[in-house]
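Participant:
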Amino acid sequence: MYNTKVNCTYNTSDVFLETDKISDQEKEVIRDALYRQELLNILGMEEFNEDEMNKAIHELHEQISSCQELIECILKLSGRFMSTDEELGLMILFAYDYMYLTHACISEYLETEQISEKNIRNLRAIIF
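So for the sequence shown, my numbering puts the first residue at -18; every next one is plus one.
1) For D78, I'd like the list of residues in its chain whose CB is within less than 8 Å of its CB, leaving aside the five on either flank, ordered along the chain.
2) Ignore the nearest five residues each way along the sequence and tell me which others in R12's own chain have a CB closer than 8 Å to its CB.
3) Quick one, are the C-beta atoms of C54 and L74 less than 8 Å apart?
4) Counting Cβ pairs, one atom from each stretch, are 3 or more of them under 8 Å apart for the stretch 16 to 27 and the stretch 80 to 100?
5) For E68, which residues from the same chain have a beta carbon less than 7 Å from its beta carbon, with the 5 sequence-adjacent residues on both sides left out?
6) What do you get for S4, buried or exposed, if any count of 16 or more other CB atoms within 10 angstroms of its CB means buried?
7) Can you give the Cα-Cα distance for L15 and Q95, rounded to whole angstroms?
This is the structure in structure tokens:
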């Protein structure tokens, strides 16, 4: 079950304090671990399981398949892999570089059946 209440923080400066004495490399390791945990939280998973992940993506695709704005983004990303597979494109939307923007759009759509112009514009800006 998709969790619209997760707040993505892996990409924000709020993850670290100015007084934290850690290297940039250590910060990247922490951000990566946080990204992976937030992805699991968003998809309602306790731990990574490929079959569960595929099932969650399939179910999410069914929920958002009527949202033309998201489908355009999905097809653009799957097209980069010479594919028209919408579930592949949806998986790509959850890659590190896109997830925080994707989650904002999908959460808004699932809660209101609409996506604000600001959110979809931000997502499209990094895809197109």
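Backbone N, C-alpha and C fix where the C-beta goes; we use that ideal spot for every residue, glycine too.
Facilitator: The answer reads as follows:
1) Numbered from 1 along the sequence shown, position 97 holds the residue referred to as residue 78. Only I107 meet the Cβ criterion.
2) Looking up residue 12 in the sequence shown gives position 31. Excluding positions up to five away in sequence, the list reads Y(-9), N(-8), V(-4).
3) Against the sequence shown, residue 54 aligns to sequence position 73. Against the sequence shown, residue 74 aligns to sequence position 93. Yes. Within cutoff.
4) yes
5) As a first step, residue 68 must be located in the sequence shown, where it is residue number 87. Within the same chain, E68 has close Cβ partners I38, H39, H42.
6) As a position in the sequence shown, residue 4 is number 23, starting the count at 1. It is exposed - the Cβ of S4 has fewer than 16 other Cβ atoms within 10 Å.
7) Taking the sequence shown and counting its residues from 1, the one referred to as residue 15 is at position 34. Taking the sequence shown and counting its residues from 1, the one referred to as residue 95 is at position 114. C-alpha separation (whole angstroms): 28 Å.
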